[in-house]
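Residue numbers (the UniProt record's numbering): 1 to 844.
Just so you know, even glycine gets a beta-carbon here, dropped at the ideal spot from N, CA and C.
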C-alpha cells in the first residue's frame, strides 16, 4: 500500500489535490503514510486528515496539498511559506492551509466543502475590481453547464448552495432563451459568436452540405473541418485585439476557425474529469502574465448526460446538479485562494433545457406516408426531411408535395410540417443551404422520426424543441466586479452574450445578430453607449387642396356621388401643422417610426383616427399607427363591406394602386390596414381609401378581420388601451432582412410575404399608452401571408384558433425592424430601455 501511495504521489507531483472521482479517492485513502518525528514534519496521517480515517465524503474538499521532491522547492520556484510539511515515501507534502487561510483571512479548518472558503469570503460587497498584483484587468471565465434547464433552479436549488449564492449575489434572469433548434453545438456556437445558427452555419449536431457532398457529425473527424464554422468566436475576436485566450472545451474551440486556435485549448475528451477541467483553469490563472489568458471557457457535460440517460425528473439529475455545484465551489475556492474572487468576471450559462422522453409522444412519418424510400428523417423534436439520393435530389425533391401530404392528417396533430421559409420568423432558421427545406415542427414534449426503430430517445430525456417552451429554457448567472449585484433582469436571448462579453473584456465586437447595448443594464459600468439609428429617408409631401381626384384609379362606387366624395375628402385633407402634431402625439405616442434605409420614398398621411407612413415605392403603407382606447366590444367589419374604396386625393397618380386589379383576380383581394370600424372620432370613409390598402389573400383577410374585430378590442380592454402599429413585410429570400425596393409597373402593388403587428401598452395599467411615463410593454408578431389555412388545419368560419396562431408567430420588435427597414420607439424612453424592449420576446 505504501508503494501504491508513492506511485500515486509521483504521478501527481506538482499538482494541486482537490480530490476527484471514487477511484482516485479509494487509491489515496488506502495510503498508510509513515509517521515522522523530525522537526516540523507532521505525520502522514495528520497530513491526510480524513483520508487516513476513511472519511471519504470529504476527500474532494481538502485544501491543496502541494507535492515537493524531498529537499526541493515549491514548483513555482518558491519555498513553502506558512504551513505544515509532511513526508510520505520520500516526497514532502506542504499543507498550505495555514498560509492560504492567512491570505484570505479565513480560519484554518480541517475540511472545507467545495465553495465553503469562497462562501466565507463573500460577506462584503465589492464595488470595483479588486485584483492582486500581476492582474491589470479582470479575467472573464465563461462556464457552460450543458443541459441545465432553468426550472432546475426552482425545483432543486437547495441542492446547489454555491450556484444559489452566485445567483443571489450577482446578476441573473429567470431564464435565458436558447436559439432554435435547442441543440448543443448550435447554441454553444451562438453564445460565443452572437449569431443565429443560420448565420454561423452550425445549424444542428448533424448536417449535410450539398455543395461538398459532405456530412457533419459529432462522431466524425469532419467536426474539425473549419469550413462548417462561420462567424468569429469571441476567442478569435479577443486574440485579434491582443488578448490571450484559454478554452477547456467549447464547441469550435478545437477547430482552426479562420486558421486560428485559442492560445491554450484542449481537444474534447468526455472522459476528462470535471476536477481536472476546473484545476486546469486555475493553473492557467497561475501562469505568468505574458502567458496567462484573459478569457477562459470551461465546459461541463452535466446535467445533460444524466438528463438524457435518466430523464430530467430523475434522482440522477439531482446528483449531477450537486456535482456541478461542487465544481463551481471548487472553482470559487480556487479563485479565493488566489485573491481572484473579487477580480474575475464569471458567466455561467447553459445551452438548452431538457424534456422527458417517451415513444408515446412520438409521430412516425411512415404512419402518414406509404412510400418513404426517397427521403430520410433527421429524427427529434426539430426533425428535418432530407432526400435519400444525395446530392442529386437535394434541390429537386418535391418538398412542397410531401409537406402538403403530411399536413392536417389527424385531429390535433402533434407533428406540423413546414417549408422552412414558412416557419416562425423568431426561429431565424431558414437562410442557410444546410437547413433542409422540409421541416417537422413538434408540439411540446413530442418528437418525430421515420419509424419507431429510428427513435433515439424513447426513455430518459431529449432537447431540440421550440425555444419558447418552458422546459427548453437555459440559465444565465453573471458574477464579478463588472456585473451588477443582487440583480434580476428580464429574460433575454443568448445571441446577446457575445456583445456583453466583449464589453467585459474591453474589446470591440465584430458584427453579429445581437443588439449591442441591450444588456447594458447588467453591467456596473457600461462601456458601449448605444444611440438610435440615423433616419436615412425623410417624408415628402403628400398634400392637395383638390377635393376631387383627377383620376379615380379605377375605384368606382355607384352609391357615391361627387358631392359625397367631396365631403369625405374634407376629413382627410389636414393642412394645419398643429393638428398634425396633435395626431402624431396621439397615434405615435412613443415617436414616429424612422425609415433607416436611404432609398425609400414615403409621406405621412394624417387622419383623425390613424397615421399612415405611405410608401410611394410599394404603393401601400410602410406602417399604420393608431391608439385604441379601452373597449370591450366593437361592431365587426366584414370582408363584404369594403367595396366602396375611393382614390386618396393626396397621393399622386403614379404612386397609387389601381382598384381594378382586385376585381380581375379572384385569388387576390385587398385588406385595409386600419379597418373602418376602428374609427372613433371620424367617419368610416377615412379608412376606405387606396392609401390604406394592401394586397391580401382572401383567407388571410378573414384572419386579419378577426384580429381587429375580436382580439384587439379584448386586448385594449385588458390593457387599458393599446397602441397598434402594423404593416406589410417583404422577405421573399427569407433572410430576415427587408427585400430591396423594386419599382412596380402598372400601379400594381407587390404582394407581401408577411404582415407585422406591434401592440404597445403601459406596464402600469392604471395609465393608457398616451399618458404613460413608466416602462412599456410590447407584444409583436410577424404573420405569414398565405393563401389558405393549412397551417391551422382550419376550413370553417370558427376562428378561435387565431389567438394561438398569433402567439405562435410572436417576434421581437427588433426582428420587425430588420424586416421593414424601420426603427421604433425613438421618443419617451432612453436608448438602453428601448433596446431592452425591442429585443424582448413576449410569449404570454
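Relative to the C-alpha of residue 114, which residue among 405, 361, 335, 317 is closest? In the chain shown, counting from the first residue as 1, residue 114 sits at position 114. That would be 335, whose Cα lies nearest to the Cα of residue 114.
Do the segment 814–824 and the segment 732–743 make contact, defined as three or more Cβ pairs closer than 8 Å? yes
If we count the other Cβ atoms within 10 Å of its Cβ and call it buried at 16 or more, is residue 185 buried or exposed? On the chain shown, residue 185 is found 185 positions in, with the first residue counted as 1. By the neighbour-count rule (16 or more Cβ atoms within 10 Å), residue 185 is buried.
Ends of the alpha helix (DSSP H) at residue 660? Here the question's residue 660 lines up with position 660 in the chain shown. Element bounds for residue 660: 660–664.
DSSP on residue 72, reduced to helix/strand/coil? Taking the first residue of the chain shown as position 1, residue 72 is located at position 72. Its pLDDT being 35, under 50, residue 72 is placed unreliably in this model, and the value from its coordinates should be taken loosely. Coil at residue 72, not helix or strand.
Can you tell me whether residue 502 is helix, strand or coil according to DSSP? On the chain shown, residue 502 is found 502 positions in, with the first residue counted as 1. Reduced to three states, the DSSP call for residue 502 is helix.
Using the three-state DSSP reduction, which class does residue 581 fall into: helix, strand or coil? Here residue 581 is taken as the residue at index 581 of the chain shown, counted from 1. Judged by DSSP in its simplified three-state form, residue 581 adopts helix.
Distance, Cα to Cα, residue 371 vs residue 796? Residue mapping note: residue 371 aligns to position 371 of the chain shown, counting from 1. Residue mapping note: residue 796 aligns to position 796 of the chain shown, counting from 1. Taking the straight line joining both Cα atoms gives about 31 Å.
Candidates 262, 457, 787: which alpha carbon is nearest residue 311's? Numbered from its first residue, the chain shown carries residue 311 at position 311. Considering only alpha carbons, the answer is 457.
Member of 182, 163, 140, 227 whose CA lies at the smallest distance from the CA of residue 147: In the chain shown, counting from the first residue as 1, residue 147 sits at position 147. It is 182.
Which whole-angstrom value describes the C-beta separation of residue 497 and residue 236, a residue pair presumed to lie in contact below a C-beta threshold of 8 Å? To locate residue 497, count along the chain shown from 1; it is residue 497. To locate residue 236, count along the chain shown from 1; it is residue 236. Actually they are not in contact, since the Cβ atoms of residue 497 and residue 236 sit about 16 Å apart, beyond 8 Å.
Cβ neighbour criterion (16 or more within 10 Å) applied to residue 359: The sequence position of residue 359 within the chain shown is 359, counting from 1. Burial call: exposed.
Once DSSP output is grouped into helix, strand and coil, what is the label at residue 715? Taking the chain shown and counting its residues from 1, the one referred to as residue 715 is at position 715. If DSSP states are grouped into helix, strand and coil, residue 715 belongs with the helices.
Is it buried or exposed, residue 785, if we count other Cβ atoms within 10 angstroms and call 16 or more buried? Walking along the chain shown from the start, residue 785 turns up at place 785. Buried, because 16 or more other Cβ atoms sit within 10 Å of the Cβ of residue 785.
Please state the DSSP three-state secondary structure of residue 799. Indexing the chain shown from 1 puts residue 799 at position 799. Secondary structure at residue 799: coil, using DSSP grouped into helix, strand and coil.
At a cut-off of 7 Å, is residue 467 close to the ligand COA when judged by its beta-carbon and the heavy atoms of the ligand? The ligand COA is not part of the structure shown, which contains no ligands of any sort.
Give the DSSP bridge partners of residue 177, in chain order. Counting from 1 along the chain shown, the entry for residue 177 is found at position 177. Beta bridge pairing from DSSP links residue 177 with 493.
Which of the three DSSP states is assigned to residue 40 in this structure? The count along the chain shown starts at 1 and reaches residue 40 at position 40. Note that residue 40 scores 36 on pLDDT, short of 50, meaning its location in the model is unreliable; the coordinates nonetheless yield the value given after this. DSSP places residue 40 in coil when its eight states are reduced to three.
Taking the beta carbon of residue 817 as the centre, do at least 16 other beta carbons fall within 10 Å, making it buried, or is it exposed? Residue numbering aside, residue 817 sits at position 817 when the chain shown is read from its first letter. By the neighbour-count criterion, in which a residue is buried when 16 or more other Cβ atoms sit within 10 angstroms of its Cβ, residue 817 is buried.
On the three-state DSSP scale, how would you describe residue 417? What you label residue 417 is simply residue 417 of the chain shown in a count that begins at 1. In the structure shown, residue 417 adopts extended strand secondary structure according to DSSP, grouped into three states.
Only counting runs of 3 or more residues, tell me where the beta strand (DSSP E) segments fall wholly within the segment 687–715, in order along the chain. With a minimum length of 3 residues, the continuous beta strand (DSSP E) runs that stay inside the segment 687–715 are 693–696.
Residue 376 - partner residues in DSSP beta bridges: If you number the chain shown from 1, residue 376 lands on position 376. 386, per the DSSP bridge assignment.
CB contact flag (residue 686, residue 631, <8 Å): Numbered from its first residue, the chain shown carries residue 686 at position 686. Numbered from its first residue, the chain shown carries residue 631 at position 631. Not in contact: residue 686 and residue 631 (Cβ atoms no closer than 8 Å).
Beta-ladder partner(s) of residue 284, from DSSP: Translated into positions along the chain shown, residue 284 becomes position 284. Bridge partners of residue 284: none, in fact.
Whole angstroms are fine: how far does the CA of residue 347 sit from the CA of residue 169? Here the question's residue 169 lines up with position 169 in the chain shown. Here the question's residue 347 lines up with position 347 in the chain shown. Approximately 13 Å between the Cα atoms of the pair.
Whole angstroms is fine: what's the gap from residue 226's alpha carbon to residue 660's? Locating residue 226 in the chain shown gives position 226, where the first residue counts as 1. Locating residue 660 in the chain shown gives position 660, where the first residue counts as 1. So the two alpha carbons sit approximately 55 Å from each other.
Could you tell me the alpha carbon to alpha carbon distance between residue 409 and residue 368, rounded to whole angstroms? Taking the chain shown and counting its residues from 1, one reaches residue 409 at position 409. Taking the chain shown and counting its residues from 1, one reaches residue 368 at position 368. Rounded to the nearest whole angstrom, the C-alpha separation of residue 409 and residue 368 is 7 Å.
Would you list, in sequence order, the uninterrupted alpha helix (DSSP H) runs of no fewer than 4 residues that lie entirely inside the segment 251–333? Secondary structure in the segment 251–333: the alpha helix (DSSP H) runs of 4 residues or longer, each lying completely within the stretch, are 274–285, 304–310 in chain order.
Local conformation of residue 399 per DSSP, three classes: The sequence position of residue 399 within the chain shown is 399, counting from 1. The answer is helix: DSSP assigns residue 399 an H, G or I state.
Rounded straight-line distance, which links the Cα of residue 561 to that of residue 415: Start at 1 with the first residue of the chain shown, and residue 415 comes out as number 415. Start at 1 with the first residue of the chain shown, and residue 561 comes out as number 561. If I take the Cα positions, the gap works out to 55 Å.
Would you tell me roughly how many angstroms separate the C-alpha atoms of residue 833 and residue 518, rounded to the nearest one? For the purposes of this step, residue 833 is taken as the residue at position 833 of the chain shown. For the purposes of this step, residue 518 is taken as the residue at position 518 of the chain shown. Spanning the two alpha carbons is a distance of roughly 8 Å.
Classify residue 548 as buried or exposed, calling it buried when 16 or more other Cβ atoms lie within 10 Å of its own Cβ. Stepping through the chain shown from its first residue, residue 548 is reached at position 548. When all chains shown are included, residue 548 counts as exposed.
Who does residue 857 pair with in a DSSP beta bridge? The structure shown does not extend to residue 857, since the chain spans only 1 to 844, so no value can be given for it.
Rounded to the nearest angstrom, how far is the Cβ of residue 424 from that of residue 809, given a contact under 8 Å? Here residue 424 refers to the residue found at position 424 of the chain shown. Here residue 809 refers to the residue found at position 809 of the chain shown. The Cβ separation is near 5 Å, so the contact holds.
Under the rule that 16 or more other beta-carbon atoms within 10 Å means buried, what is residue 708, buried or exposed? The residue given as residue 708 occupies position 708 in the chain shown. When all chains shown are included, residue 708 counts as buried.
Going by beta carbon distance, what residues of the same chain come within less than 7 Å of residue 257, once the five residues before and after it are set aside? Position 257 of the chain shown, counted from the start, is the residue given in the question as residue 257. Here the set comprises 226, 229, 233, 236.
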